[in-house]
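Worksheet for the structure shown next.
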Amino acid sequence: MTFWLNLTAFLLVIIVNFLANALPLNGQTTGEISNRLEVLITPASFAFSIWGLIYFLLGVWVLRQAPKRRRNLPLYNETSLYFIISCILNSAWVICWHYELFMTTVVIMVGLLVTLIVLYKKLMERNAGFWDKVPFSIYLGWISVATIVNISYYLVFIGWDGWGISAPTWTVIMLVVATILAIVFRVEHADWVYPLVFVWAFFAIGVKNMEAYASVAYVAYALAAVIFIITILGRRKA
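Set out below in C-alpha coordinates:
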(Lines of atoms letter the chains of each structure in order from A and count residues from 1; the text may use other names and numbers.)
(Lines give C-alpha, C1' and ligand atoms only; values in the text may rest on other atoms or scores of the structure.)
Protein backbone atom coordinates (compact mmCIF):
# COMPACT_ATOMS: atom_id res chain seq x y z
CA MET A 1 0.00 0.00 0.00
CA THR A 2 2.83 2.39 0.87
CA PHE A 3 4.37 1.97 -2.57
CA TRP A 4 1.14 2.80 -4.38
CA LEU A 5 0.51 5.86 -2.22
CA ASN A 6 4.04 7.12 -2.85
CA LEU A 7 3.71 6.47 -6.57
CA THR A 8 0.38 8.32 -6.74
CA ALA A 9 1.80 11.30 -4.85
CA PHE A 10 4.85 11.39 -7.12
CA LEU A 11 2.71 11.29 -10.27
CA LEU A 12 0.59 14.13 -8.87
CA VAL A 13 3.69 16.34 -8.61
CA ILE A 14 4.84 15.48 -12.12
CA ILE A 15 1.42 16.11 -13.66
CA VAL A 16 0.82 19.41 -11.82
CA ASN A 17 4.26 20.77 -12.71
CA PHE A 18 3.91 19.69 -16.33
CA LEU A 19 0.45 21.17 -16.81
CA ALA A 20 1.37 24.39 -14.99
CA ASN A 21 3.79 25.26 -17.78
CA ALA A 22 2.24 23.34 -20.67
CA LEU A 23 -1.21 24.95 -20.43
CA PRO A 24 0.13 27.29 -18.88
CA LEU A 25 -1.78 27.64 -15.62
CA ASN A 26 -3.43 31.06 -15.28
CA GLY A 27 -1.91 31.97 -18.63
CA GLN A 28 1.68 32.29 -17.41
CA THR A 29 4.64 30.01 -16.87
CA THR A 30 6.52 29.62 -13.60
CA GLY A 31 9.59 31.34 -15.06
CA GLU A 32 7.63 34.29 -16.44
CA ILE A 33 6.35 35.11 -12.97
CA SER A 34 9.80 34.67 -11.45
CA ASN A 35 11.40 37.02 -13.98
CA ARG A 36 8.78 39.73 -13.51
CA LEU A 37 10.53 41.25 -10.49
CA GLU A 38 14.21 42.02 -9.97
CA VAL A 39 15.24 39.72 -7.13
CA LEU A 40 19.02 39.56 -7.13
CA ILE A 41 19.27 36.23 -5.32
CA THR A 42 17.18 34.49 -7.96
CA PRO A 43 19.44 32.16 -10.00
CA ALA A 44 19.65 32.29 -13.79
CA SER A 45 16.97 30.29 -15.58
CA PHE A 46 19.24 27.35 -16.42
CA ALA A 47 19.66 26.57 -12.71
CA PHE A 48 16.05 25.42 -12.48
CA SER A 49 16.88 22.47 -14.72
CA ILE A 50 17.90 20.82 -11.44
CA TRP A 51 14.22 20.00 -11.03
CA GLY A 52 14.64 17.43 -13.80
CA LEU A 53 17.34 15.70 -11.76
CA ILE A 54 15.30 15.94 -8.55
CA TYR A 55 12.22 14.38 -10.12
CA PHE A 56 14.27 11.68 -11.81
CA LEU A 57 15.90 10.69 -8.51
CA LEU A 58 12.59 10.82 -6.67
CA GLY A 59 11.18 8.53 -9.34
CA VAL A 60 14.07 6.13 -8.77
CA TRP A 61 13.40 6.30 -5.00
CA VAL A 62 9.74 5.39 -5.50
CA LEU A 63 10.46 2.58 -7.97
CA ARG A 64 13.00 1.06 -5.59
CA GLN A 65 9.98 0.24 -3.45
CA ALA A 66 8.23 -1.67 -6.24
CA PRO A 67 9.66 -5.18 -5.50
CA LYS A 68 7.40 -6.90 -2.98
CA ARG A 69 10.36 -7.80 -0.78
CA ARG A 70 11.11 -4.07 -0.30
CA ARG A 71 7.62 -2.60 0.06
CA ASN A 72 7.35 -3.08 3.81
CA LEU A 73 10.83 -1.96 4.75
CA PRO A 74 10.74 0.32 7.83
CA LEU A 75 12.66 2.95 5.83
CA TYR A 76 9.74 3.46 3.46
CA ASN A 77 6.96 2.99 5.99
CA GLU A 78 8.42 5.68 8.23
CA THR A 79 9.03 8.20 5.43
CA SER A 80 5.94 7.66 3.28
CA LEU A 81 3.70 10.13 5.11
CA TYR A 82 6.28 12.90 4.85
CA PHE A 83 6.94 12.14 1.20
CA ILE A 84 3.23 12.34 0.41
CA ILE A 85 2.91 15.63 2.32
CA SER A 86 5.93 17.01 0.41
CA CYS A 87 4.28 16.12 -2.89
CA ILE A 88 1.01 17.79 -1.89
CA LEU A 89 2.86 20.93 -0.73
CA ASN A 90 4.94 21.00 -3.92
CA SER A 91 1.80 20.84 -6.06
CA ALA A 92 -0.01 23.42 -3.93
CA TRP A 93 2.95 25.79 -4.22
CA VAL A 94 2.89 25.62 -8.01
CA ILE A 95 -0.82 26.40 -8.14
CA CYS A 96 -0.55 29.30 -5.68
CA TRP A 97 2.51 30.68 -7.48
CA HIS A 98 0.71 30.72 -10.82
CA TYR A 99 -2.25 32.52 -9.27
CA GLU A 100 0.16 35.01 -7.64
CA LEU A 101 -0.72 34.16 -4.04
CA PHE A 102 2.83 34.96 -3.03
CA MET A 103 2.39 35.14 0.74
CA THR A 104 0.72 31.74 0.62
CA THR A 105 3.62 30.38 -1.41
CA VAL A 106 6.03 31.46 1.35
CA VAL A 107 3.99 29.59 3.97
CA ILE A 108 3.80 26.50 1.75
CA MET A 109 7.51 26.66 0.94
CA VAL A 110 8.44 26.81 4.62
CA GLY A 111 6.11 23.87 5.24
CA LEU A 112 7.81 21.94 2.45
CA LEU A 113 11.22 22.75 3.87
CA VAL A 114 10.24 21.52 7.35
CA THR A 115 8.68 18.37 5.89
CA LEU A 116 11.84 17.53 3.95
CA ILE A 117 13.98 18.16 7.03
CA VAL A 118 11.91 15.66 9.02
CA LEU A 119 12.00 13.17 6.15
CA TYR A 120 15.76 13.57 5.84
CA LYS A 121 16.20 12.95 9.58
CA LYS A 122 14.15 9.77 9.26
CA LEU A 123 16.46 8.59 6.51
CA MET A 124 19.51 9.35 8.64
CA GLU A 125 18.05 7.47 11.60
CA ARG A 126 17.55 4.42 9.39
CA ASN A 127 21.05 4.76 7.97
CA ALA A 128 19.61 4.91 4.45
CA GLY A 129 21.81 3.93 1.53
CA PHE A 130 23.06 6.32 -1.14
CA TRP A 131 20.15 5.90 -3.58
CA ASP A 132 17.59 6.33 -0.81
CA LYS A 133 19.26 9.45 0.61
CA VAL A 134 20.68 11.32 -2.38
CA PRO A 135 17.28 12.32 -3.88
CA PHE A 136 16.43 14.12 -0.66
CA SER A 137 19.89 15.58 -0.17
CA ILE A 138 19.45 17.37 -3.50
CA TYR A 139 15.76 18.12 -2.97
CA LEU A 140 16.36 19.55 0.51
CA GLY A 141 19.35 21.54 -0.75
CA TRP A 142 17.34 23.12 -3.53
CA ILE A 143 14.34 23.87 -1.31
CA SER A 144 16.71 25.47 1.21
CA VAL A 145 17.82 27.87 -1.52
CA ALA A 146 14.30 28.21 -2.94
CA THR A 147 12.93 29.24 0.47
CA ILE A 148 15.35 32.17 0.61
CA VAL A 149 14.48 33.13 -2.97
CA ASN A 150 10.74 32.80 -2.35
CA ILE A 151 10.84 35.02 0.74
CA SER A 152 12.99 37.55 -1.10
CA TYR A 153 10.54 37.63 -4.02
CA TYR A 154 7.62 38.26 -1.68
CA LEU A 155 9.46 41.09 0.08
CA VAL A 156 10.22 42.76 -3.26
CA PHE A 157 6.61 42.21 -4.33
CA ILE A 158 5.23 44.07 -1.28
CA GLY A 159 7.80 46.84 -1.70
CA TRP A 160 9.80 46.23 1.48
CA ASP A 161 12.53 48.86 1.75
CA GLY A 162 15.08 46.53 3.39
CA TRP A 163 15.39 48.83 6.43
CA GLY A 164 17.35 51.17 4.22
CA ILE A 165 19.91 48.53 3.24
CA SER A 166 20.46 48.20 -0.50
CA ALA A 167 19.34 45.12 -2.45
CA PRO A 168 22.93 44.13 -3.38
CA THR A 169 23.99 44.29 0.28
CA TRP A 170 21.01 42.19 1.38
CA THR A 171 21.84 39.69 -1.34
CA VAL A 172 25.43 39.37 -0.12
CA ILE A 173 24.18 38.90 3.45
CA MET A 174 21.82 36.14 2.37
CA LEU A 175 24.56 34.46 0.35
CA VAL A 176 26.83 34.44 3.40
CA VAL A 177 24.07 33.00 5.59
CA ALA A 178 23.32 30.33 2.99
CA THR A 179 27.03 29.50 2.80
CA ILE A 180 27.19 28.98 6.56
CA LEU A 181 24.11 26.74 6.34
CA ALA A 182 25.67 24.62 3.59
CA ILE A 183 28.96 24.21 5.46
CA VAL A 184 27.32 23.40 8.80
CA PHE A 185 25.09 20.83 7.13
CA ARG A 186 28.14 19.30 5.46
CA VAL A 187 29.95 18.98 8.76
CA GLU A 188 27.00 17.88 10.89
CA HIS A 189 25.61 15.27 8.52
CA ALA A 190 28.69 14.24 6.51
CA ASP A 191 26.59 14.87 3.42
CA TRP A 192 28.65 16.08 0.47
CA VAL A 193 25.70 16.22 -1.96
CA TYR A 194 23.61 18.84 -0.14
CA PRO A 195 26.23 21.64 -0.26
CA LEU A 196 26.93 21.03 -3.95
CA VAL A 197 23.39 22.20 -4.66
CA PHE A 198 24.40 25.56 -3.17
CA VAL A 199 27.45 25.65 -5.43
CA TRP A 200 25.15 25.17 -8.43
CA ALA A 201 22.72 27.84 -7.23
CA PHE A 202 25.46 30.36 -6.38
CA PHE A 203 27.07 29.91 -9.79
CA ALA A 204 23.71 30.60 -11.44
CA ILE A 205 23.17 33.65 -9.21
CA GLY A 206 26.56 34.93 -10.32
CA VAL A 207 25.68 34.46 -13.98
CA LYS A 208 22.35 36.24 -13.48
CA ASN A 209 23.94 39.29 -11.82
CA MET A 210 27.24 39.56 -13.70
CA GLU A 211 26.16 42.31 -16.05
CA ALA A 212 24.15 44.60 -13.74
CA TYR A 213 25.60 43.76 -10.30
CA ALA A 214 29.12 42.48 -10.80
CA SER A 215 30.00 42.77 -7.11
CA VAL A 216 27.16 40.41 -6.18
CA ALA A 217 28.26 38.02 -8.91
CA TYR A 218 31.86 37.93 -7.69
CA VAL A 219 30.72 37.27 -4.12
CA ALA A 220 28.46 34.46 -5.34
CA TYR A 221 31.33 32.90 -7.32
CA ALA A 222 33.74 33.23 -4.40
CA LEU A 223 31.34 31.66 -1.91
CA ALA A 224 30.52 28.88 -4.36
CA ALA A 225 34.25 28.14 -4.53
CA VAL A 226 34.51 28.14 -0.72
CA ILE A 227 31.63 25.68 -0.37
CA PHE A 228 33.01 23.45 -3.11
CA ILE A 229 36.51 23.32 -1.62
CA ILE A 230 35.25 22.59 1.91
CA THR A 231 32.90 19.94 0.56
CA ILE A 232 35.60 18.16 -1.42
CA LEU A 233 38.22 18.35 1.33
CA GLY A 234 35.69 17.15 3.88
CA ARG A 235 34.78 14.23 1.68
CA ARG A 236 38.40 13.16 1.35
CA LYS A 237 38.84 13.16 5.11
CA ALA A 238 35.67 11.14 5.69
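The sequence shown maps to residues 1242 to 1479 in our numbering.
Here a beta-carbon is modelled for each residue, glycine too, at the ideal position from N, C-alpha and C.
Asked                                                                                                                                                              : Found
What separation, rounded to the nearest whole angstrom, lies between the Cα atoms of leucine 1360 and phenylalanine 1324?                                          : 7 Å
Measuring CB to CB, does isoleucine 1392 end up less than 8 Å from leucine 1353?                                                                                   : no
Return the Cβ separation of tryptophan 1302 and aspartate 1373 in integer angstroms, given the expectation that the two are a contact with Cβ distance under 8 Å.  : 6 Å
Give the range of the alpha helix (DSSP H) segment to which glycine 1300 is assigned.                                                                              : 1291-1304
For alanine 1250 versus cysteine 1337, is the C-beta distance shorter than 8 Å?                                                                                    : no
Between the stretch 1340-1353 and the stretch 1301-1320, do three or more beta carbon pairs fall short of 8 Å?                                                     : no
Measuring straight from C-alpha to C-alpha, what distance separates tryptophan 1292 and threonine 1388?                                                            : 15 Å
Going by C-alpha to C-alpha distance, which of Val1335, Ser1378, Val1460 and Ile1255 sits closest to isoleucine 1446?                                              : Val1460
Could you tell me if arginine 1277 is buried or exposed, where buried requires 16 or more neighbouring beta carbons within 10 angstroms of its beta carbon?        : exposed
Should the stretch 1273-1288 be called in touch with the stretch 1447-1455, which here means at least 3 C-beta pairs below 8 Å?                                    : yes
Shortest alpha-carbon distance to serine 1275 belongs to which of Gly1268, Asn1258 and Ser1286?                                                                    : Ser1286
For isoleucine 1468 and phenylalanine 1439, which I take to be in contact (beta-carbon distance under 8 Å), what is that distance rounded to the nearest angstrom? : 5 Å
In whole angstroms, what separates the C-alpha of threonine 1472 from that of lysine 1362?                                                                         : 20 Å
Among residues of its own chain, excluding the 5 on either side of glutamate 1319, which ones have a beta-carbon nearer than 6 Å to its beta-carbon?               : Lys1363
Pull up the distance between the alpha-carbon of alanine 1263 and that of glycine 1300, whole angstroms please.                                                    : 21 Å
Can you give the beta carbon distance from leucine 1422 to leucine 1464, rounded, assuming they're within the 8 Å contact cut?                                     : At roughly 11 Å, the Cβ-Cβ gap does not stay under 8 Å, so leucine 1422 and leucine 1464 are not in contact.
For serine 1456, count neighbouring Cβ atoms within 10 angstroms of its own Cβ and tell me buried if that reaches 16, exposed if not.                              : exposed
Within 10 angstroms of the Cβ of alanine 1458, are there 16 or more other Cβ atoms? Answer buried if so, exposed if not.                                           : buried
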